[in-house]
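Notes to accompany the following structure.
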Amino acid sequence: MLRIFLAQLLLFLLPFVCYALWLWLGKRSKHPDRWSKGPIAWLTAAGLVLVIIGFATMAFQLRATDGKEYRPSEMRDGVFVPGRYE
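Numbers given in our numbering equal positions in the sequence shown, counted from 1, plus 7.
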């Protein structure tokens, strides 16, 4: 679960990091007005779109094959058995 959260957080922050890198490479980072409401709104929207695409991609890639049933993780005789499809 933590891996999924971190992956989605990275996707959300990716536009902000790219914009900050673009400002730094362009030597425009000395102007705080570059981070006004306009770019922040667009960067947030782009981050949300990337997160939605990430969730959709995970949903389609992590599907079970037809006819298989998911067995959740469990403790068997003191040994952790991870979740699986049977």
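Backbone N, C-alpha and C define an ideal beta-carbon position, used for all residues, glycine too.
Source: prediction; values computed, not measured.
Assignment of beta-bridge partners to TYR92 by DSSP yields TYR77. Here ALA14 has GLY61 as same chain residues with Cβ atoms under 7 Å from its own Cβ, once five neighbours each way along the sequence are excluded. Going by DSSP, LEU69 is part of no alpha helix (DSSP H) at all; its letter is neither H nor E.
Of the other Cβ atoms in all chains shown, 16 or more fall within 10 Å of the Cβ of PRO22; this residue is therefore buried. In the structure shown, MET8 adopts coil according to DSSP, grouped into three states.
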